[in-house]
Amino acid sequence: MIKKICVIDGQGGGIGATIIKYLKESFGERVELIALGTNAIATSQMLKAGANRGASGENAICRMSNECDLVVGPIAITWPNSMMGEVTARMAESVMTSMAVKFLIPLSQERCEIVGVMKEPLPHLVQAMIEGKIKEVIKGV
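Just add 2 to the spot in the sequence shown (first one is 1) and you have this note's numbering.
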């Protein structure tokens, strides 16, 4: 059965686009990649990176985060008012209450630092997430 992976991002969509690029390289068409952007620009960038489908805005994120097997994105998608206010409290709550497995990249522009997390370039973090975590969760796909 094909797994649905929702990739959520905001602002310019660069983190989400990088995640989708690496997921597409690793799994090809064995997974369905759904781009969920807090805005149309972020969604557009993730679609260009290879997402199968995409939608923008609060309602799309709230609905689809509860209809997928995995949610992937920067940690800021779980923080109300992050990404310069693009992430609403309802979006953050929907992500965190979703039954989907969540993989969060520890990158943020907020004035918050997660202690104990090594600072690595985005591609290294995404590769480590896919190799060390996502492949384990969706093995057999």
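Think of the CB as a built atom: it goes at the ideal place given N, C-alpha and C, for glycine as much as any other residue. The structure presented is a predicted model; accordingly, all values stated were derived computationally and were not measured.
Cut-off 6 Å between Cβ atoms - residues of its own chain near residue i, not counting five sequence neighbours on either side
{"i": "I116", "result": "P108"}
{"i": "S28", "result": "I132"}
{"i": "L124", "result": "T20"}
{"i": "K5", "result": "V33, D71, I140 and V143"}
{"i": "M98", "result": "T80"}
{"i": "C114", "result": "none"}
Beta-carbon separation (whole angstroms), residue i vs residue j, contact threshold 8 Å
{"i": "A51", "j": "I36", "result": "About 12 Å separates the two Cβ atoms, so there is no contact after all."}
{"i": "A94", "j": "T80", "result": "5 Å"}
{"i": "N41", "j": "S58", "result": "6 Å"}
{"i": "S110", "j": "I77", "result": "6 Å"}
{"i": "K104", "j": "V73", "result": "5 Å"}
{"i": "A44", "j": "G18", "result": "6 Å"}
Buried or exposed (CB count within 10 angstroms, at least 16 for buried), residue i
{"i": "C8", "result": "buried"}
{"i": "G15", "result": "buried"}
{"i": "M66", "result": "buried"}
{"i": "M86", "result": "exposed"}
{"i": "M3", "result": "exposed"}
Contacting residues, own chain, Cβ-Cβ under 7 Å from residue i (five flanking each side not counted)
{"i": "E60", "result": "T90, R92 and M93"}
{"i": "V119", "result": "P108"}
{"i": "L25", "result": "I7, V33, L35 and I132"}
{"i": "E88", "result": "G12, Q13, T40 and N41"}
{"i": "C64", "result": "R92, M93 and S96"}
{"i": "M48", "result": "V9, D11, G15, G18, A19, I22, A37, G39 and G56"}
Chain-order list of residues whose beta-carbon lies under 8 Å from that of residue i (same chain, five-residue window excluded)
{"i": "S46", "result": "G15, G39 and G56"}
{"i": "A130", "result": "E122"}
{"i": "L127", "result": "I107, P108 and L109"}
{"i": "K135", "result": "F105"}
{"i": "A102", "result": "C8, S67, N68, C70, D71, L72 and V73"}
The ligand GDP heavy atom lying under 6 Å from the CB of residue i
{"i": "E115", "result": "Questions concerning the ligand GDP fall outside what the structure shown contains, since it holds no ligand whatsoever."}
List in chain order: all unbroken beta strand (DSSP E) runs of 3+ residues lying wholly within the region 52-107.
-> 55-58, 72-76 and 103-107
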